[in-house]
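Protein chains in written order, with numbering that gives the first Met the number 0: chain A, 0 to 156; chain B, 0 to 96; chain C, 0 to 662; chain D, 0 to 290. Report on the following structure.
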Amino acid sequence: MGTSVTTPTPLKEGSTFEPKITAFVCNWCTYAGADLTGTSRIRYQPNVRVIRFPCTGRIDFMLILKAFAHGSDGVIVSGCHPNDCHYTTGNYLARRRWIVFRDVLEFTGIDLRRLTFAWVSAAEGAKWAELVDEVTDRVRALGPYREYQALASAGIE
Amino acid sequence: MDFLRQEALAVDTVSPDASDIVAFHRAFLGSIERHGRLFELGTVLGYKLRTGHLLQDAALAPSMIRRGKLGALPHRTDRQAAAGIFARVRALKEPGK
Amino acid sequence: MSRIGVFVCHCGENIAGTVDCAVVAEAARSLRGVVHSVDYKYMCSDPGQKLLKEAIRDKNLDGVVVAACSPRMHEPTFRAAAEEAGLNAYQCEMANLREHCSWVHAKGEATTAKAIDLVRIQVEKVKRNAPLRPIRVPVARTALVLGGGIAGIQAALDIANAGNQVILVERSPSIGGHMSQLSETFPTLDCSQCILTPRMVEVARHPQITLYTYAELERLDGFIGNFKATIRKRARKVDEKICNGCGVCTQKCPVKKIPDEFNEGLSMRRAIYVPFPQAVPNRPVIDTANCTFFKSGKCRACEKLCTAKAIRFDQQDEVVTREVGAVVLATGFRTMGTNQFPEYGYGRYPDLIDGLKFERLASASGPTSGAIKRPSDGKIPETVVFIACAGSRDEQKGVSYCSKICCMYTAKHAMLYRHKVHGGKAYVFYMDVRAAGKNYDEFVRRAVEEDGVKYLRGRVSRVYPDKGQLVVKGVDTLLGGEPLEIRADMVVLATAVQAQHGSEELAQKLHVAYDKYRFFAEAHPKLRPVETNTAGIFLAGACQSPRDIPESVAQASGAAAKVCGLFSRPELAREPIVAVVDRQPPPVFSHCVGCFLCRSACPYQAIEEEAIRTRNGEIIRTVAHVNAGLCQGCGTCVATCRTKAIDLQGFTNEQVFAEVVAI
Amino acid sequence: MRLGYYPGCSLLGSSRDFGESVEAVAGALGVELFEVPRWNCCGASSAHAMDRLLALALPATVLATAARANLGEVLAPCASCYHRLVVAQHEIAGSPELKRKVEQVIDIPMGPPVRVLNILEFLERCADRIASKVKQPFAHTVACYYGCLLVRPSKIVAFDRSEDPVSMDRLVVQVGGKTVEWSSKTECCGAALSIPRTPVVGRLGAKIVGDAVAANAEAIVVACPMCHSNLDMRRVSIEEALGRKVSIPVLFITQVVGLALGLPPRALGLERHFVEVKLPAEAAMRASAAS
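Printed below as a string of structure tokens:
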């Protein structure tokens, strides 16, 4: 997969740090919610890049590590609220996986402040904007995630 | 409501009908500014002087005194502190003066 | 080597206003594998689509990225266009430059940079897209209608009259819903039951409608065209087929003091009862919670008196499953109780009633035969105060939305009261009068001008009892804002319309989205008002938001039209977004190791076992296999698989990892 | 139990009876009250009506002083003081800018938030102690009158139900009494208009007292010095407005609890009332309840 084009975190001399945030979202709730944010013209910071999945249950946690390795300074995983999953139980599995994975990540030294799990429904356009702004501000304060990127490029990945 | 009341005071358009209410509030605050705590007898006297309602409640005072509900002297507390607050609020409002 | 085309849409000024589309197209051109990149004012327009099609043919493209609005909006449009030009529809992806970029960020470099990133992500994905074919599935031409109020009745009749089968499920013992409780209807003042009962009878007689009353949906499985509905028919304890509806049992039952739901507790019913005389089906039901026999094992009066021998004390609930192709949700509304208002006495004053109780008082078939008598002592009230917006438009104490029907029914109530009690005084406290609708405002004007109803613009702060009357403390904000007190004999609250009890559970059963007030959510507030986000499930009436009768009927017909459209096709194309388990040539056969963790993750029981055998039938290995008919494409199995042997078409590991790397 | 204590001006003056009964009950329950050092007036309705900043700064000083004295919780028996303290705390917590301005005016830092308790919250908290110490059940039927300031605005004070509060009724029942259902629980008594608009206070009080009498209450129970003085001290104006004499006494909730705990009436300040506190004998009440 090394053939792809990637842009490094833009950090020119003298310029302020702008984090790169990757959001993994489900198609039915959060993607639709983010569409509603657009339809409602609610502004938020442009640092987030959304990747659409059918369900949070589809989100493999290797993807999160991959995102960090390839220059993301923060990651959001968001789907339907408990009980509202389009596929009945996908978000429960995601949640269960998250609980386990969280401990593993913490053990391996991943900075958990850079990883946010949230529920945003299709009706919560404003919440999506708040979430993105909150995560962006937090990650901006934390600075670029050089540690993991360095590890990854050293071949640990 | 509060805002409208306070604005009316600030631009001096209080209805003359309410003048005695304002007089009461002024007497009340004056008492706090002077003593730090409310001095009830003083407040009432101040109010009467401001409004001219000299005889209002005249019958009440003796029975209050008899029941120990009307002190003749203000309580002692940190007077400077309260006076300072009043002064600083005033200064904030009228920076020129 | 890929041959990708990128098409950047300006969407007029919607995207071009904040994103420099030319720069995006230019940047896309330099991406590896991109052989064609242009920007255009409206990609979804005819010339825009033509541009796309021509490029596919001329440049021999094997994948396209349309950078425009949300794929939830126009993905079908561009996929169809790509298909017409000879490209597989699933070789077309969309980058969401509008909802996720131009509409939510300020004009500037960062926004354009984001747009370029979004395009690059999709380019990397589409390079790895495989051509897919839609899965064809047959459509079961039976509709399930949930709720037997006017919306459900209308939808059922429309669908059935078009030649389809309908199963109508109603929770209470009779269809008719709230409309059957109403006295007269605005703005014409025609009798509600007179116009409703013919429809109810038509439902009962219709050869293509199966009516399940006193029944509820237990679960719904499957997908559009192929749902499987499990319905619980609660035991009436009366054999519907044998019973002839003579009603002797309902007159002789010794338990007489049960508040009558249909009359909103203004009268009493028996333990065996027919909800109201025009009920459909006109068959009694035993209220087992109150029946002496079910409480103490004695009585059986109804059984002894039934000439048809239709009483079945041992009848059990019956669970039936039916294949249905579409579902119409018409579960209606409820109104907020008067006990929600502490300032109006928490529902403790008998003469402070809600609108539905007033309907029953005013109804010719009601407990007072249409005479307005107050509940406490049966006295004819000389002064009645109506309070509109009780709980509506009041985020602090109720709901933030307007309940929509109250302005009209309050005007109607005041008018009916003035017609029935000539010397009576009627006051209405209101916030605004919202009478938008054909002949609606005229109706309210009539209440004010001809019938002398006093409208007071202001809120009521308190109602309290005093010497047999209710004192209403309010304010008239138009006449000087003076507080005023009215001594009333009766007070009617127009309480807020709320989502029906159990809406949330039902929505979760059906995977239908709902809002914070538990009204079901439409797929698009303007353009898809009768559809839900779940394909094949439609909405009618007040289960979506407060509605009056004409609107409910119109929406029900709209939903019925959608169902009929769906049923007009013999089969349905389903998205080929399903999971597949990898297969390899021998000696590997598959990367699947047969751990079947995927099976425990699958919400649809779509994972089956498949034995790989030698030529003489010996089992070499047992691996997983996905039943594409059951798989809904959530992909949970993919993330669960330890060996990456299972993958989701359209969202393959290769695709999504490429997307992530492209960021 | 150790608690900060902000008596406020009224409890030292025109409502000495309230102050005395609060202290007597606290003593009987074994609660130590620590007065906020050198406290000043909260500004009451007058500051509130005249100047927003002053109306926040005066109670803020009290809160800041309490925080500095390490008093994490402060009992403010006077409903008006309670209201001013809670509102000030809420507004200052909601706006860093306002906080800066107030600190500039009061000249001391706000310190950590102080939890302000009203008298009903305090007594509810002592419910177990009260239950174990009741000596003479308060066997009377009363109307609990909450007034405006204890339960409103509900979002800020977050105490009881704003339109139909029940906490005082529960306390009365707990010490052996009965309460009536009546409609003037949270009506206004006229409060600070007592002096500049005495007839208004008379009219408002007439409604409250009239309702309580109509509901067959033997007494009105209050938890606010203003309510008390307007219903008790202003009884003459009330009777003028009603056009008849009414002898229903007005008790503070602390006096009710104190009587049940067996404290002498004098220690509870009962003899300071304008309307004589004469309650029908228990037997009479029982007889009427039985009939």
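Don't be surprised by glycine CBs; every beta carbon is placed ideally from N, CA and C. All values derive from a computational prediction rather than experimental measurement.
Taking beta-carbon pairs under 7 Å, can you tell me which members of the stretch 319-345 of chain C lie near chain D? PRO341, GLU342, TYR345
Evaluate contact between the stretch 177-191 of chain C and the stretch 354-367 of chain C, counting only Cβ atoms and requiring at least three cross-stretch pairs below 8 Å. yes
Rounded straight-line distance, which links the Cα of SER171/C to that of GLY212/C: For the purposes of this step, residue 212/C is taken as the residue at position 213 of the third sequence. For the purposes of this step, residue 171/C is taken as the residue at position 172 of the third sequence. According to the sequence as given, residue 212/C is Thr; it is not Gly. Their backbone Cα atoms lie some 6 Å apart in a straight line.
Can you tell me whether LEU647/C is helix, strand or coil according to DSSP? Within the third sequence, numbered from 1, the residue matching residue 647/C stands at position 648. Reduced to three states, the DSSP call for LEU647/C is strand.
Is the shortest distance between the beta-carbon of TRP27/A and the beta-carbons of chain C less than 8 Å? On the first sequence, position 28 is the one that residue 27/A refers to. Closer than 8 Å to some Cβ of chain C, the Cβ of TRP27/A qualifies, so yes.
Is there a Cβ from chain D that is less than 8 Å from the Cβ of ALA81/B? Walking along the second sequence from the start, residue 81/B turns up at place 82. It does: the Cβ of ALA81/B has a partner Cβ on chain D nearer than 8 Å.
Should the stretch 532-539 of chain C be regarded as contacting the stretch 214-226 of chain C, the criterion being three or more beta carbon pairs within less than 8 Å? yes
Between the beta-carbon of THR306/C and the beta-carbon of CYS401/C, is there less than 8 Å? Taking the third sequence and counting its residues from 1, the one referred to as residue 306/C is at position 307. Taking the third sequence and counting its residues from 1, the one referred to as residue 401/C is at position 402. Contact: no.
In the DSSP assignment, what are the bridge partners of TRP97/A? Here the question's residue 97/A lines up with position 98 in the first sequence. Looking at the DSSP assignment, TRP97/A forms no beta bridge with any residue, so it has no partner.
Near-chain C residues of the stretch 42-59 of chain A - C-beta to any C-beta below 7 Å: ARG42, TYR43, PRO45, ARG48, VAL49, ILE50, PHE52, PRO53, CYS54, GLY56, ARG57, ILE58, ASP59
Would LEU92/A count as contacting chain C if we go by Cβ distances under 8 Å? To locate residue 92/A, count along the first sequence from 1; it is residue 93. Chain C, which has a Cβ nearer than 8 Å to the Cβ of LEU92/A, makes this yes.
The beta strand (DSSP E) that contains ILE219/D, what's its start and end? Your numbering for residue 219/D matches position 220 in the fourth sequence. Run containing ILE219/D: 218-221, per the beta strand (DSSP E) assignment.
Should LEU55/D be labelled buried (16 or more other beta-carbon atoms within 10 Å of its own) or exposed? As a working mapping, residue 55/D is identified with position 56 in the fourth sequence. Answer is buried; the Cβ neighbour count reaches 16.
Under 8 Å between the Cβ atoms of LEU167/C and GLY151/C? Position 168 of the third sequence holds residue 167/C. Position 152 of the third sequence holds residue 151/C. Cβ distance < 8 Å, so LEU167/C and GLY151/C count as in contact.
Separation of ARG311/C from VAL237/C, as counted between CA atoms: Against the third sequence, residue 237/C aligns to sequence position 238. Against the third sequence, residue 311/C aligns to sequence position 312. C-alpha separation (whole angstroms): 5 Å.
Beta-carbon proximity check, GLN648/C vs VAL579/C, cutoff 8 Å: Looking up residue 648/C in the third sequence gives position 649. Looking up residue 579/C in the third sequence gives position 580. The answer is yes: Cβ separation under 8 Å.
As a quick exercise: from ASN229/D, THR185/D, PRO198/D, THR253/D, pick the residue whose alpha carbon is nearest that of ILE129/D. Taking the first residue of the fourth sequence as 1, we reach residue 129/D at position 130. The option with the nearest alpha carbon to ILE129/D is THR253/D.
Using a Cβ-Cβ cut-off of less than 8 Å, list which residues of the stretch 51-74 of chain B approach chain D; keep chain order. GLN55, ASP56, LEU59, SER62, MET63, ARG66, GLY67, LYS68, LEU69, GLY70, HIS74
For ARG444/C, count neighbouring Cβ atoms within 10 angstroms of its own Cβ and tell me buried if that reaches 16, exposed if not. Numbered from its first residue, the third sequence carries residue 444/C at position 445. ARG444/C should be labelled exposed.
Please classify VAL49/A as buried or exposed, where buried requires at least 16 other C-beta atoms within 10 Å of its C-beta. Along the first sequence, one-based indexing puts residue 49/A at 50. VAL49/A is buried by the Cβ-count criterion.
Apart from the five residues on each side of it in sequence, which residues of its chain come closer than 8 Å, Cβ to Cβ, to THR6/A? Stepping through the first sequence from its first residue, residue 6/A is reached at position 7. Residue confidence is low: THR6/A scores 45 on pLDDT, short of 50, so the model does not pin down where it sits. Its coordinate-derived value is still stated next. GLY70.
Under 8 Å by beta carbon: chain C residues contacting LEU62/A: Residue numbering aside, residue 62/A sits at position 63 when the first sequence is read from its first letter. Near LEU62/A (Cβ distances below 8 Å), the residues of chain C are VAL655, PHE656, VAL659.
Cβ atoms of ASN160/C and ALA142/C: under 8 Å apart, would you say? Here residue 142/C refers to the residue found at position 143 when the third sequence is read from its first residue. Here residue 160/C refers to the residue found at position 161 when the third sequence is read from its first residue. Going by C-beta atoms, ALA142/C is not nearer than 8 Å to ASN160/C.
Once the 5 residues before and after VAL7/C are set aside, which same chain residues still bring their CB inside 6 Å of it? The residue you call residue 7/C lines up with position 8 of the third sequence. Excluding positions up to five away in sequence, the list reads CYS20, VAL23, ALA24, ASP38, ALA66.
Using the three-state DSSP reduction, which class does ILE241/C fall into: helix, strand or coil? As a working mapping, residue 241/C is identified with position 242 in the third sequence. It is coil, neither helix nor strand.
Evaluate contact between the stretch 96-111 of chain D and the stretch 172-184 of chain D, counting only Cβ atoms and requiring at least three cross-stretch pairs below 8 Å. no
Backbone CA spacing between SER39/A and GLY632/C [nearest angstrom]: As a working note, residue 39/A is residue 40 in the first sequence. As a working note, residue 632/C is residue 633 in the third sequence. Going by the C-alpha atoms only, they are around 30 Å apart.
Segments assigned alpha helix (DSSP H), at least 4 residues, entirely inside the stretch 614-648 of chain C: 635-639
Endpoints, the alpha helix (DSSP H) within which VAL256/D is located: Here residue 256/D is taken as the residue at index 257 of the fourth sequence, counted from 1. Where VAL256/D is concerned, the enclosing alpha helix (DSSP H) stretches over 252-259.
Strictly under 8 Å for the Cβ-Cβ distance: is PRO464/C near chain D by that measure? For the purposes of this step, residue 464/C is taken as residue 465 along the third sequence, with counting starting at 1. Answer yes: the Cβ-Cβ gap between PRO464/C and chain D drops below 8 Å somewhere.
Which of the three DSSP states, helix, strand or coil, is assigned to PHE566/C? Your numbering for residue 566/C matches position 567 in the third sequence. Helix at PHE566/C.
Residues of the stretch 25-49 of chain B with a CB closer than 9 Å to any CB of chain D: list them in chain order, please. ARG25, ALA26, PHE27, LEU28, SER30, ILE31, HIS34, GLY35, ARG36, LEU37, PHE38, GLU39, LEU40, THR42, VAL43, TYR46
Reference ARG57/A; option with closest CA among ALA31/A, TRP97/A, PRO18/A, ARG42/A: Position 58 of the first sequence, counting from 1, holds the residue named residue 57/A. Minimum Cα distance to ARG57/A is reached at TRP97/A.
Quick one: what does DSSP say SER290/D is sitting in, helix, strand or coil? Residue mapping note: residue 290/D aligns to position 291 of the fourth sequence, counting from 1. Caution is warranted here: a pLDDT of 45 is assigned to SER290/D, below 50, making its placement in the model unreliable, and no coordinate value can be reported.
So, at 6 Å on beta carbons, what are the nonlocal neighbours of PRO248/D in its own chain, with the 5 sequence-adjacent residues on each side left out? Against the fourth sequence, residue 248/D aligns to sequence position 249. Excluding sequence neighbours, PRO248/D sits near ALA218, VAL274, VAL276.
Three or more C-beta pairs under 8 Å: does that hold for the stretch 47-62 of chain C against the stretch 78-85 of chain C? yes
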